[in-house]
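Worksheet for the structure shown next.
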Amino acid sequence: MPEGDDKPWAERGLDASGRPRLGGIGEHLAPELERLTGLETRATTLGHIQRGGVPSAYDRVLATRLGMAAVDSVSDKRWGTMVALRGTDVVSVGFQEAVGNLKFVPQYRYDEAAVLFG
Numbered sequence: 001m002p003e004g005d006d007k008p009w010a011e012r013g014l015d016a017s018g019r020p021r022l023g024g025i026g027e028h029l030a031p032e033l034e035r036l037t038g039l040e041t042r043a044t045t046l047g048h049i050q051r052g053g054v055p056s057a058y059d060r061v062l063a064t065r066l067g068m069a070a071v072d073s074v075s076d077k078r079w080g081t082m083v084a085l086r087g088t089d090v091v092s093v094g095f096q097e098a099v100g101n102l103k104f105v106p107q108y109r110y111d112e113a114a115v116l117f118g
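Right, here's the structure in full:
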């Protein structure tokens, strides 16, 4: 949060344990990122249906690692990069490397999915 910004980002009441329900930080960060980078930036808040179920411990740790790496990239002003998982390592990848060549899913993978999911 910018210095001097005292907006209450926890105006969503309390949860069952009496803790503040936090949220909305993405709506604050998007315009800041756009201002700093000069690139159009949008905040997206996923709903429960889009999340696809209860995250496993692996999901939570991976999300934390990816988020930390993304914040490090911004702090280090490594624009034009994204974070990715290579094996078990979280790495920074340039956009050109990430999208420079199309990768196709082989037809047999679609066929497998059709058998499994109909």
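Note that UniProt numbering has the sequence shown beginning at 1, numbered continuously upward. Note that beta-carbon positions come from the ideal geometry of N, C-alpha and C, so glycine has one too.
Tell me, please, which residues DSSP counts as bridged to A84.
V91
With a threshold of 9 Å between beta carbons, is Y108 in contact with chain D?
Here there is only one protein chain, and chain D is not present.
Does DSSP put L36 in a helix, in a strand, or in coil?
helix
Checking the sheet assignment: what are the DSSP bridge partners for L66?
Answer is none; L66 lacks a bridge partner.
Go through its chain and collect everything with a Cβ distance to E112's Cβ below 7 Å, but skip five positions before and after it.
none
Can you give the beta carbon distance from L85 to L62, rounded, assuming they're within the 8 Å contact cut?
7 Å
Rounded separation between L36 and V74 - CA only:
10 Å
Tell me P20's beta-bridge partners as DSSP assigns them.
L14
Exposed or buried, which one is T81 when buried takes at least 16 other CB atoms within 10 Å?
buried
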